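Chains as they are written, first to last, in my numbering: chain A, 32 to 478; chain B, 32 to 478. All C-beta atoms, glycine included, are put in the ideal place defined by N, C-alpha and C. Keep in mind it's a predicted model, so treat the numbers as computed, not measured. Read the structure below first, then the notes.
There are 2 protein chains.
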Amino acid sequence: MRCLAKDVITAAGENKAGAEIEVSGWVHRIRELGGITFVVLRDRSGILQVVLSEDLAGAGKLTPESVIRVTGVPALNEKAPGGAELRAVSLEIISRAAPDLPYQVNGDIARTGLETILDNRILSLRNPKIRAIFKVQAVIIEAFSAYLRDRDFTEIKTSKIVGSGTEGGTELFEVDYFDRKAYLAQSPQFYKEVMVASGLERVFEVAPAYRAEKHDTPRHLNEYVSLDVEMGFIESEKDLIDLEKGLLAHIFDQVARKNAGELALWNASVPEPDSVAGAPIIPYGEALKIANDEAAAAKKTGGASGGRIFDINPEAERFICAWAGREYGVELAFVNEFPRRYRPFYTYPLDTGGAASLTMSFDALFRGLEITTGGRRQHDYNAFLETLPKFGLKPEDFTGYLSLLKYGCPPHGGFAVGCERLTQKILGLANVKEASLFPRDRKRVEP
Amino acid sequence: MRCLAKDVITAAGENKAGAEIEVSGWVHRIRELGGITFVVLRDRSGILQVVLSEDLAGAGKLTPESVIRVTGVPALNEKAPGGAELRAVSLEIISRAAPDLPYQVNGDIARTGLETILDNRILSLRNPKIRAIFKVQAVIIEAFSAYLRDRDFTEIKTSKIVGSGTEGGTELFEVDYFDRKAYLAQSPQFYKEVMVASGLERVFEVAPAYRAEKHDTPRHLNEYVSLDVEMGFIESEKDLIDLEKGLLAHIFDQVARKNAGELALWNASVPEPDSVAGAPIIPYGEALKIANDEAAAAKKTGGASGGRIFDINPEAERFICAWAGREYGVELAFVNEFPRRYRPFYTYPLDTGGAASLTMSFDALFRGLEITTGGRRQHDYNAFLETLPKFGLKPEDFTGYLSLLKYGCPPHGGFAVGCERLTQKILGLANVKEASLFPRDRKRVEP
């Protein structure tokens, strides 16, 4: 019966009779000292010091990353990691790692470049600090789903192969689909809306999304995990912002509870869940002013280039979050009421005295990065039809949307959270690619 | 404050003062009777009878599928569905459906062909019986994930764009990936194994999988949702079968608890969760004999063509499940020890006295359909290298696998449950396409 590394201290504390236990895992580190071999064993629960005497069969053949099974007697030892160690009685090498390890799994990743980490992804994912990223990501997905299910949202799974792009034909990956061309979905936008109008009213999806964008920046992936939400019977984007605040607070709470070890490895912390409700909601124009005021102040202290900011670009995102952190105690801000030119054509207009140049839309900015885009959608058939030519679009390219809206569609809207971006910002990763198990960029489709 | 249809009976029972409530939803059905309009209103919670007097503004303009908001006084009425109705005081048509509805949402889907249902997917998904399929599917996914998380499995999200196929180059959809060719992943097989060996040890993934197969059968989809599991430190495929039994029992339990209404609509039921543990595990050779014995018996009563069955084909799957239902009280059977020629090259050999022509592999058959394929994988570097040429494969095409196994990999294995197939068999759907929101087949990439 296998014992996990994290449970050895309990076994050691209870073990007065010197009973043997069995552990299995990877050889994380080997140190020889006066005829004794100290092995740090790594398993899914953590690490454990194993003490092997010189004469133990197999002890001399160990290599880093070998998978071993050890039986031995657990003993308390304050100096050992976790406060206990295992004094080996027998050793089995289940899978001996070749000694020419091309990547040092137990090394300090701060000293390794990102390209090296990604080129050696099969091995670099074994590094406890790197693996921790994906333990956090799993909790984000779990918390996202649980929060929405509790509020009567239904999980959906929609097709990623689509006949055409909802946002026009650019930046789509083309798929050779039998004897025709198809595309990889940029978002489940249309399908989410169909499912709201199907009567499910409230839906969410966790699935890959694709952008055939050529830029290579620390904030872009060509394939990412999109945490999508859509709900019916809303009044404005403010209903969505309220929902997202509750959702983020729950995610932060769950990560704090379940990922304490992972956060510690990265010297990271999540915002206080209670602080999220107080995150400011800033209309676009005001947000731009805040960004410029912050930029001007930063220039005085030499902290910014000082150029004027004309839209909510990455620099503005950083300034607005820093301002929100100072003024509201949380580096999270919702910018809403984006001008029409920045949003998809189906975004619902904001009626402010006739000038419909603003929209019921929003972005969520967290720790200097846009993690969410969302808004209310146009649900009125005639208004949708009238909008198309203003964007140079033709009704015949939107037959799906038109039949969706023509036969009874409630007011609705939604948003998507970029899963890797949220992971990145929770842990303070320099590049979003670090938060993708097998990131896809212009050069990389392997492993 | 909106009241859901399902809560109106409570409101009616408590309402002695005649207080008004508000409901919203779709016009499911309209019936005129002696100057009164009876509307069946549909929302995410169910249906509700709404009584509109002739003189109520807007009552004459209602069309099926319009979205409306009604305020009125709830009243108990034994004859109304759910035992209560709403006597309307005011009506607002939020989104009036055009009267030329191309698909009758409130019709009997048994009278509609599958092609018509799929051609009108945007509207047919509104049919309560069709929508119910996806309420069940959501619970399957939730239960699958929860059961595994409780057992220390970590959810992963792996790339669906891959540089090459792990099972060889056939039946892959090609993607135009910047200036090179890439493919849509047939399964997360390799990535699951990488994550087991990363030290996570136990992982699961819920994600799309792709098969560029040309056949059009009631059991195939070109894109499906794969419920994938992989775990380290197993002895044989029997550890995996044990895990899947627990998993299926939990899924059946959750569907029975959470989808009672949906099951009733389909006149369906799940197996008793307690019966799952008793499902037989039948070695391949024995399974083939059972199938042939059943076929011979069925021939006598005129229930089968009577031809000899040479492998576990769809006919054999039906016979084996019927046999298991009769002999073990559950139409579920695990067939294991498949001959090598039926399984992928990386399947672990079964050591039975030197003849390694059988493998540590299994299928799960449920109600006459294969819903799972799985097995232990080869984790030994040298054995893997030796296997490749026997399958006509070259080491240079498996550099990822080789570096995975070369540097310490525990014994491991896993399986995948086809989400749509499980949904299909729980509800008794004739075709697996019915269990996919937006099914993809040779002809269909829209909507």
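Your pair Phe-415/B and Leu-436/B checks out as a contact, with CB atoms roughly 5 Å apart and the cut at 8 Å. In its chain, beyond the 5 residues on either side, Val-82, Gly-103, Val-104, Ala-106 have a beta carbon closer than 7 Å to the beta carbon of Arg-118/A. As computed with DSSP, Ser-257/A is found in a beta bridge with Ala-238/A, Gly-449/A.
Phe-204/B reaches chain A at Ile-192, Val-206, Asp-207, Tyr-208, counting residues in chain order whose Cβ is nearer than 8 Å.
Against chain A, a Cβ distance below 9 Å from Ala-36/B picks out nothing, because the smallest value is about 11 Å. Below the 8 Å Cβ cutoff, chain A contributes no neighbours of Glu-348/B, its closest Cβ being approximately 25 Å away. Taking 8 Å as the Cβ-Cβ cut-off, the stretch 313-326 of chain A has no residue approaching chain B. Taking a beta-carbon distance threshold of 8 Å, Pro-249/B does not count as an interface residue toward chain A.
Residue nearest to Phe-204/B within the set Lys-245/B, Val-225/B, Ala-174/B, Gln-168/B is Lys-245/B (criterion: CA-CA distance).
When Tyr-373/A, Gly-360/A, Ala-355/A are compared, the shortest CA-CA separation from Phe-341/A is found for Tyr-373/A.
Contact of Ile-172/A with chain B is assigned, a C-beta pair being separated by under 8 Å. Closest option to Gln-80/B, judged by alpha-carbon separation, among Arg-475/B, Phe-69/B, Leu-274/B, Pro-130/B: Phe-69/B. Taking the C-beta atoms as reference points, Glu-268/B is found nearer than 8 Å to Met-391/B.
Under a criterion of Cβ atoms nearer than 9 Å, the residues of chain B adjacent to Trp-57/A are, in order, Ala-228, Gly-230, Gly-439, Pro-441.
Annotation note: the stretch 95-147 of chain A contains the following uninterrupted beta strand (DSSP E) runs of length 3 or greater, listed N- to C-terminal: 98-107, 115-126.
Residues of chain A whose Cβ lies closer than 7 Å to the Cβ of Gly-138/B do not exist, since the nearest Cβ in that chain is about 14 Å away. Assignment of Val-71/A by DSSP, reduced to helix, strand and coil, places it in the strand class. Counting only runs of at least 3 residues, the stretch 286-374 of chain A fully encloses the following beta strand (DSSP E) elements, listed from N- to C-terminal order: 312-314, 363-367. Using a Cβ-Cβ cut-off of 8 Å, Leu-154/A counts as an interface residue toward chain B, since at least one Cβ of chain B sits closer than that to its own.
In this structure, Ser-126/A places its C-beta atom within 8 Å of the C-beta atom of Ser-97/A. Taking a Cβ-Cβ cut-off of 8 Å, the neighbours of Leu-468/B in chain A comprise Ile-187, Lys-188, Thr-189, Ser-190, Tyr-222, Met-226, given in sequence order. For the stretch 398-410 of chain B, the residues whose beta carbon sits under 7 Å from a beta carbon of chain A are, in order, His-410.
Separation of Gly-89/A and Val-71/A (C-alpha to C-alpha, rounded to the nearest whole angstrom) is 16 Å.
In the three-state reduction of the DSSP assignment, Phe-397/B falls in the strand class.
Interface residue (Cβ-Cβ distance to chain B less than 8 Å): Phe-165/A is classified as such. Glu-477/B sits in coil when the DSSP states are folded into three classes, being neither helix nor strand. Interface annotation, Val-98/A: in contact with chain B, CB-CB separation under 8 Å.
DSSP places Lys-212/B in the uninterrupted beta strand (DSSP E) bounded by 211-215.
Listed along chain A, the residues sitting closer than 7 Å to Leu-435/B by beta-carbon distance are Ile-153. Note: Val-167/B is not bridge-paired with any residue in the DSSP secondary-structure output. Using a CB distance cut-off of 8 Å, Ser-126/B counts as an interface residue toward chain A. With its beta carbon at least 8 Å from every one in chain A, Ala-414/B lies outside the interface. Under the criterion of beta carbons closer than 8 Å, Thr-418/A and Phe-376/A qualify as touching, at roughly 6 Å. Using beta-carbon distances, Glu-254/A counts as an interface residue toward chain B, with a partner under 8 Å. Between the alpha carbons of Gly-49/A and Asn-413/B lies a gap of roughly 38 Å. In the DSSP assignment, Leu-79/A falls within the unbroken beta strand (DSSP E) covering 77-84.
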